[in-house]
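Residue numbers (this note's numbering): 175 to 323. Notes follow the structure.
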Amino acid sequence: MPDKQHHTPTGELSYYGLSLLSYLKDSHPELIAEGEFIAERADSAAQAYSEAIRSGRNHIEAEEIAREELFRGLHFSPYNTLVHILWREFEAEIPEEAARQVALHLLPLCRGVLDKYDLRDDFAGTPDYESLYTELTGTVQILLEDGLQ
């Protein structure tokens with residue numbers, strides 16, 4: 175069983191820290207430099223795992239509880255939404271292999287749009303998702319027309 179603490183004695187990330195970091199690289203790359211956030215969330219997940227085991231849960235249930243804590247608030251990804259918009263709506267302007275880098279650059283420029291919405295974990299399944307998608311598409315269009323690429 176992997177070490178569930180956030181840091182190993184050599185200062186390397188733990189199982190939960192590495193799991194979170196891997197997820198952030200794919201879905202929230204703007205957070206990968208947030209070491210304190212990663213450490214706190216990894217510690218919280220490890221604590222949730224330990225508490226679940228102490229309360230009589232089996233290892234599978236405890237791991238599920240820990241992963242819920244680890245990824246809480248991170249299931250919806252504005253970054254991935256921007257990547258998909260670039261792939262679907264701007265494929266002629268932005269090559270697919272460049273979309274992730276462009277999306278990372280666009281993310282802070284779209285913060286005003288994103289801040290209008292309650293981007294909770296289940297946001298992609300809400301009626302507001304289509305509004306966000308449309309508004310982001312328009313914002314990206316304007317930014318690209320203004321020479322951002």
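All residues carry an ideal CB built from backbone N, CA and C; glycine is no exception.
CA-CA distance, residue i and residue j?
i    : j    : result
V287 : T311 : 11 Å
L198 : L248 : 9 Å
S305 : A298 : 11 Å
T313 : R231 : 47 Å
E235 : Y291 : 32 Å
A226 : A216 : 15 Å
Y303 : G191 : 30 Å
A220 : I206 : 19 Å
H202 : D295 : 13 Å
H233 : I239 : 10 Å
S218 : E267 : 42 Å
Q315 : V276 : 13 Å
L322 : E208 : 26 Å
R246 : E319 : 36 Å
F264 : L244 : 33 Å
D289 : A273 : 22 Å
E204 : P252 : 10 Å
P301 : E309 : 13 Å
R285 : R228 : 42 Å
F317 : Y307 : First, the amino acid is wrong: residue 317 is Leu here, not Phe. Cα-Cα distance, rounded: 15 Å.
Would you give the residue range spanned by the alpha helix (DSSP H) that residue i belongs to?
i    : result
R228 : G209 to R228
I259 : P252 to E263
G191 : Y189 to S201
L244 : H233 to L244
I316 : D302 to E319
L280 : A273 to L280
L288 : R285 to L288
Just to check my reading of the structure: residue i and residue j have Cβ atoms closer than 8 Å, yes? What is that Cβ distance to the nearest angstrom?
i    : j    : result
F250 : L194 : Rounded, the Cβ-Cβ distance is 16 Å, inconsistent with contact.
E237 : Y223 : 7 Å
W261 : E271 : Incorrect: roughly 11 Å between the Cβ atoms, too far for contact.
_With three or more C-beta pairs closer than 8 Å as the rule, is the segment 274-286 touching the segment 247-259?_
yes
query: With contact counted as at least three CB pairs below 8 Å, one residue from each stretch, are the segment 206-215 and the segment 187-197 in contact?
result: yes
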